[in-house]
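So the mapping is simple: our numbering equals the position in the sequence shown, first residue as 1, plus 23.
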Amino acid sequence: MNQTVQKNTLYVGGLAEEVNEAILHAAFIPFGDIKDVKTPLDQATQKHRSFGFVTFLEREDASAAMDNMDGAELYGRVLTVNYALPERIKGGEQGWAAQPIWADADTWFERQQQEEEMQKLQAEHRAAMETAEELHRKKMAEEREGEKEDGDIKDDPMAQAEAEVLRENASS
Numbered sequence: 024m025n026q027t028v029q030k031n032t033l034y035v036g037g038l039a040e041e042v043n044e045a046i047l048h049a050a051f052i053p054f055g056d057i058k059d060v061k062t063p064l065d066q067a068t069q070k071h072r073s074f075g076f077v078t079f080l081e082r083e084d085a086s087a088a089m090d091n092m093d094g095a096e097l098y099g100r101v102l103t104v105n106y107a108l109p110e111r112i113k114g115g116e117q118g119w120a121a122q123p124i125w126a127d128a129d130t131w132f133e134r135q136q137q138e139e140e141m142q143k144l145q146a147e148h149r150a151a152m153e154t155a156e157e158l159h160r161k162k163m164a165e166e167r168e169g170e171k172e173d174g175d176i177k178d179d180p181m182a183q184a185e186a187e188v189l190r191e192n193a194s195s
């Protein structure tokens, strides 16, 4: 993937549950002036998702923070610190903010056509399978009917037992 990294913004992974934006700010301020600190929240729990972003004013400060804090421990957890990738937005084949939303229109239409074709093929396959199953059921039923008509119960112990019970009931 050809993704440009944001040299001023660091991804900080492996955050303990107790860590908030203020603690993250305090941990990274020794390396230089910080422009912004974010810890994205999980919508369901309203807690951070064990990672955050620290944006420095200077690239050199971000580089120094990454060199020193990657693998460091904070609240008993080992941190993973890397340069952050560009923020994703909805839309766009690659999902990158630098790309216009309509950039993937052609591939979107192709995917839609492929999905429709796949659904059509799956429906045809299901219909063929159902027809084959129905034919198999009919064939098996005909074979069973043929066995009853032939009276070939000598080889079938269940059929012999049924015939014996029927004879006993008829004689009673």
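Glycine included, each C-beta is placed from N, C-alpha and C at the ideal position.
Starting from residue i, follow its DSSP beta bridges and name the residues at the other end.
i	result
Tyr34	Phe76 and Asn105
His71	Leu64
Arg100	Leu97
According to DSSP, is residue i part of a helix, a strand, or is it coil?
i	result
Glu191	helix
Asp59	strand
Ala150	helix
Asp84	helix
Give me the Cβ distance between residue i and residue j, rounded to the nearest whole Å; I'm assuming they're in contact under 8 Å.
i	j	result
Ala88	Val77	7 Å
Val101	Val35	About 11 Å separates the two Cβ atoms, so there is no contact after all.
Measuring CB to CB, does residue i end up less than 9 Å from residue j?
i	j	result
Tyr106	Leu47	no
Gly75	Leu108	no
Glu96	Gly55	no
Asn31	His71	no
Met92	Phe132	no
Glu41	Tyr98	yes
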